[in-house]
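According to the numbering used here, the stretch in the sequence shown is residues 1 to 306, in order. Below is one structure; the comments refer to it alone.
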Amino acid sequence: MEVSPAFLKLRSFAFFFITVVSLAWIVLLCVEVSIRWDVSDSSDKSFAVFFLLVNTVTVVTMPILIILKFRAWLDAARIFFLLVIHIGSACAFIVWDPRRTCDQQPLDDLTTCQLLNTYTLVASWVNPALLLSYSLGLGLMARRRWKRKGKADLEKHNARRATLPMMTPSVDRSNHSSLSSQSVYSQASKADWRTTMPAMAPVSNRPHHLSMISQPVNTWDRQSGRRATLPAKPLPQSLILYHPTTPFSTGPTFPSPRHQGSAVASVQQPQSVQLSKDIRKQSIAESGTRRERMSKPYAHLFLDDS
């Protein structure tokens, strides 16, 4: 998560201040333990040692947080751990403070004992207050950054949808198109083409313009077993099996594109058959002559001399 340099500086200053307070705590506790160890009871000694350990952990943790790279969730976890131990020690001292009495102390030390208890109670909440303040600042900063990032992502997404509408991940177009094409193909294969295709008109009732072919048509010759290509030119009148002046009985009915090639092939079949036969005879004759020349390569020399 990106953070501003100002927040990092404020964070470093807060950690440095907490470290200084913890060091001051350690020094004061060490002085108290060294001076009042003989006159203190077991509860006073236990609380003094516990506060020393808590503040030592804080002094070690704060520089590590300053040196390491800032990560919001790691920072929050470490601060939460410090809050638990500091607030726990302060609450424990509040619970046990009424049981601690300074009556057993000498009259001169009575006032000192009471002042020490009051100062310890107040000072035990200094570090928790500082840690809570930093935690609130960290939470506000993280919330602000996440809101700004969410708005930026939303604006980017909207801009992308406005400029590239085909990139919207709404529906998988490839799967949708393949499924739709398969369903359409299956429906078309199940339907009877005899009911869907229009009825073809008889050869005698076909219009006159069908005799003019503008493009070559590939047809299959059943007798020769070869594919013949019809020439792209008008057909002669001798091959037309109907008269253009023949009246139409049911009006002009045009064949469908699926059957148009077969209809024209039926009209042009005599010419295509004769053409394929002539081509076949010519190729056979040429192959025979070539084979004869290859078997007798010098026969033509003798024939020329004779």
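Where is the CB? At the ideal position from N, CA and C, for every residue including glycine. Remember, predicted model here, so these are calculated numbers, not experimental data.
Handout entry: Terminal residues of the alpha helix (DSSP H) in which lysine 69 lies
Key = Working through the sequence shown from its first residue, we reach residue 69 at position 69. No alpha helix (DSSP H) contains lysine 69, which DSSP labels as neither H nor E.
Practice task
Look up leucine 39 in the DSSP assignment and say whether it is helix, strand or coil.
Solution key: Here residue 39 is taken as the residue at index 39 of the sequence shown, counted from 1. In the sequence as presented, leucine is not what sits at residue 39; that position holds valine. Coil.
Exercise for the section: Could you give the DSSP three-state label for valine 3: helix, strand or coil? Expected result: As a position in the sequence shown, residue 3 is number 3, starting the count at 1. In the structure shown, valine 3 sits in coil (DSSP, three-state: anything other than H, G, I, E or B).
Handout entry: Straight-line Cα distance separating arginine 145 from serine 22
Key = Taking the sequence shown and counting its residues from 1, the one referred to as residue 22 is at position 22. Taking the sequence shown and counting its residues from 1, the one referred to as residue 145 is at position 145. A straight line joining the alpha-carbon of serine 22 with that of arginine 145 spans about 31 Å.
Practice task
Check the C-beta distance from valine 3 over to methionine 141 and give it rounded, since I have them as a contact under 8 Å.
Solution key: For the purposes of this step, residue 3 is identified with residue 3 of the sequence shown, where counting begins at 1. For the purposes of this step, residue 141 is identified with residue 141 of the sequence shown, where counting begins at 1. Approximately 7 Å separates the beta-carbon atoms of valine 3 and methionine 141; this is inside 8 Å, confirming the contact.
Problem - CB contact flag (serine 12, isoleucine 94, <7 Å) - result: Numbered from its first residue, the sequence shown carries residue 12 at position 12. Numbered from its first residue, the sequence shown carries residue 94 at position 94. Taking 7 Å as the Cβ cut-off, serine 12 and isoleucine 94 do not qualify as a contacting pair.
Problem - Min CB distance valine 39 to chain B below 7 Å - result: Looking at the structure shown, chain B is missing, and only one protein chain is on hand.
Exercise for the section: Label phenylalanine 15 either buried or exposed according to how many other C-beta atoms from any shown protein chain fall within 10 Å of its C-beta, with 16 as the threshold for buried. Expected result: Taking the sequence shown and counting its residues from 1, the one referred to as residue 15 is at position 15. Label assigned to phenylalanine 15: buried.
Exercise for the section: Tell me whether tryptophan 125 sits in a helix, a strand or coil according to DSSP, three-state version. Expected result: Position 125 of the sequence shown, counted from the start, is the residue given in the question as residue 125. In this structure, DSSP gives tryptophan 125 a state outside helix and strand, which the three-state scheme calls coil.
Problem - Distance between serine 46 and threonine 120 (C-alpha atoms, nearest Å) - result: Within the sequence shown, numbered from 1, the residue matching residue 120 stands at position 120. Within the sequence shown, numbered from 1, the residue matching residue 46 stands at position 46. Rounded to the nearest whole angstrom, the CA to CA distance from threonine 120 to serine 46 is 13 Å.
Problem - Own chain, CB closer than 7 Å to alanine 90, minus 5 neighbours either side, in chain order - result: For the purposes of this step, residue 90 is taken as the residue at position 90 of the sequence shown. Listed in chain order, the non-local C-beta contacts of alanine 90 below 7 Å within the same chain comprise Ser124, Trp125, Pro128, local neighbours out to five positions each way being set aside.
Problem - Span separating the alpha-carbon of glutamine 113 from that of phenylalanine 51 - result: On the sequence shown, residue 113 is found 113 positions in, with the first residue counted as 1. On the sequence shown, residue 51 is found 51 positions in, with the first residue counted as 1. Contrary to the premise, residue 113 reads as cysteine rather than glutamine in this sequence. When rounded, the distance between both Cα atoms is 17 Å.
Handout entry: With 16 other Cβ atoms within 10 Å as the buried cut-off, status of serine 287
Key = Here residue 287 refers to the residue found at position 287 when the sequence shown is read from its first residue. The residue is exposed, with fewer than 16 neighbouring Cβ atoms inside 10 Å.
Handout entry: For leucine 115 and leucine 68, the rounded distance between their alpha carbons
Key = Counted from its first residue, the sequence shown places residue 68 at position 68. Counted from its first residue, the sequence shown places residue 115 at position 115. Just so you know, the alpha carbons of leucine 68 and leucine 115 end up roughly 40 Å apart.
Problem - Rounded separation between leucine 307 and histidine 86 - CA only - result: Because the chain in this structure spans residues 1 to 306, residue 307 falls outside the shown range and cannot be described.
Practice task
Could you tell me whether the Cβ atoms of threonine 19 and valine 59 are closer together than 7 Å?
Solution key: Stepping through the sequence shown from its first residue, residue 19 is reached at position 19. Stepping through the sequence shown from its first residue, residue 59 is reached at position 59. Contact flag set, yes.
Problem - Selected residue, minimal CA-CA separation from phenylalanine 7, among Arg71, Phe80, Arg78, Ile35 - result: As a first step, residue 7 must be located in the sequence shown, where it is residue number 7. When only C-alpha atoms are compared, the closest one is Arg71.
Exercise for the section: Assign leucine 74 to buried or exposed, taking buried as 16 or more other Cβ atoms, counted over all protein chains shown, within 10 Å of its Cβ. Expected result: Translated into the one-based positions of the sequence shown, residue 74 becomes position 74. Looking at its Cβ environment, which holds fewer than 16 other Cβ atoms inside 10 Å, leucine 74 is exposed.
Practice task
Determine the direct distance from the alpha carbon of leucine 138 to that of valine 84, and round the result to whole angstroms.
Solution key: On the sequence shown, position 84 is the one that residue 84 refers to. On the sequence shown, position 138 is the one that residue 138 refers to. Taking the straight line joining both Cα atoms gives about 17 Å.
Problem - Reduced DSSP category for threonine 19 - H, G, I as helix; E, B as strand; rest coil - result: Reading the sequence shown from its first residue, position 19 is the one you call residue 19. The answer is helix: DSSP assigns threonine 19 an H, G or I state.
Practice task
Whole angstroms is fine: what's the gap from isoleucine 35's alpha carbon to alanine 76's?
Solution key: Reading the sequence shown from its first residue, position 35 is the one you call residue 35. Reading the sequence shown from its first residue, position 76 is the one you call residue 76. One C-alpha to the other measures close to 38 Å.
Handout entry: Buried or exposed (CB count within 10 angstroms, at least 16 for buried), tryptophan 25
Key = The residue given as residue 25 occupies position 25 in the sequence shown. Tryptophan 25 counts as buried, since at least 16 other C-beta atoms from the protein chains shown sit within 10 angstroms of its C-beta.
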